[in-house]
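Enquirer: In this note's numbering, the protein residues as written are 56 to 247. Quick one: the structure is below, questions incoming.
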């Protein structure tokens, strides 16, 4: 079999011109195939069909012309169909937790009680009892989060994220909470 394939493989290598021609032809072929695959396909059913057939073969009623909505008319309500990327992405959820903590922590304008109400739910009980409960909020930096946290390390037990602020960046360590449904801050330090 090699005797049949070898001349075909060697042919482009006989001269630089042949080699360049084969490479260009291959790239054009890949481009054309990619363009063909990217074309949208024709829909197989029309929107005004009398009924839709489900995967079980049973006919279902056609979609109504006026969509029904269970979304409240309140302007501040969000669409039920919108997806929170942090809901299923642990990295995004960890980044959201780190940014929320820094935003709540860097509030020197609050009194101790109001500051504790904002920070306590975002921290582990160990971090709260060993340092945050003794913190004077007026001594925290007056900075704001100015971008997405940058992931330094992440695994199932801990995430380390650098949070950009209007001042120095803050490194935040997060761990899963006791119920595992959200991330809590376990350590905070300045970024070197």
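Ideal placement from N, C-alpha and C gives every residue a C-beta, glycine not left out.
On the three-state DSSP scale, how would you describe residue 98?
Expert: At residue 98 the pLDDT is 48, less than 50, meaning the model places this residue with poor confidence; the figure from the coordinates comes in the next sentence. Residue 98 falls in the coil class under three-state DSSP.
Enquirer: Along the chain, where does the alpha helix (DSSP H) containing residue 243 start, and where does it finish?
Expert: Premise fails: residue 243 lies in the beta strand (DSSP E), 238-245, not in any alpha helix (DSSP H).
Enquirer: Among residues of its own chain, excluding the 5 on either side of residue 226, which ones have a beta-carbon nearer than 6 Å to its beta-carbon?
Expert: 217, 244, 246
Enquirer: Evaluate residue 86 with the Cβ neighbour count: other Cβ atoms within 10 Å of its Cβ, from every protein chain shown; 16 or more gives buried, anything less gives exposed.
Expert: exposed
Enquirer: What first and last residue would you give for the alpha helix (DSSP H) that runs through residue 173?
Expert: 167-174
Enquirer: Taking just the CA atoms, how far does residue 180 sit from residue 215?
Expert: Straight-line Cα distance between these residues: approximately 18 Å.
Enquirer: The alpha helix (DSSP H) that contains residue 151, what's its start and end?
Expert: 145-160
Enquirer: State yes or no: is the C-beta of residue 150 within less than 8 Å of the C-beta of residue 206?
Expert: yes
Enquirer: Look up residue 216 in the DSSP assignment and give the residues it is bridged to.
Expert: Answer is 206, 227, bridged to residue 216.
Enquirer: For residue 58, which of helix, strand or coil comes out of DSSP?
Expert: helix
Enquirer: Do residue 220 and residue 237 have their CB atoms nearer than 8 Å?
Expert: no
Enquirer: Can you name, in chain order, every residue of its own chain whose Cβ lies under 8 Å from the Cβ of residue 163, other than the five neighbours on each side?
Expert: Excluding the 5 residues flanking it on each side, residue 163 has same chain C-beta neighbours closer than 8 Å at 192, 193, 194, 195, 196, 197, in chain order.
Enquirer: Do residue 165 and residue 242 have their C-beta atoms within less than 8 Å of each other?
Expert: no
Enquirer: Do you know whose CA, among 209, 64, 161, 174, lies nearest residue 144's CA?
Expert: 209
Enquirer: If you draw a straight line from the C-alpha of residue 255 to the C-alpha of residue 160, how long is it?
Expert: No answer is possible for residue 255: it lies beyond the span of the chain, which begins at 56 and ends at 247.
Enquirer: Once the 5 residues before and after residue 100 are set aside, which same chain residues still bring their CB inside 6 Å of it?
Expert: With a pLDDT of 45 at residue 100, under the threshold of 50, the predicted position of this residue should be treated as unreliable, and no value is reported.
Enquirer: Let me confirm a value: residue 177 is counted as buried when at least 16 other C-beta atoms fall within 10 Å, else exposed. Which label applies?
Expert: buried
Enquirer: At the level of alpha carbons, what is the spacing between residue 80 and residue 60?
Expert: 19 Å
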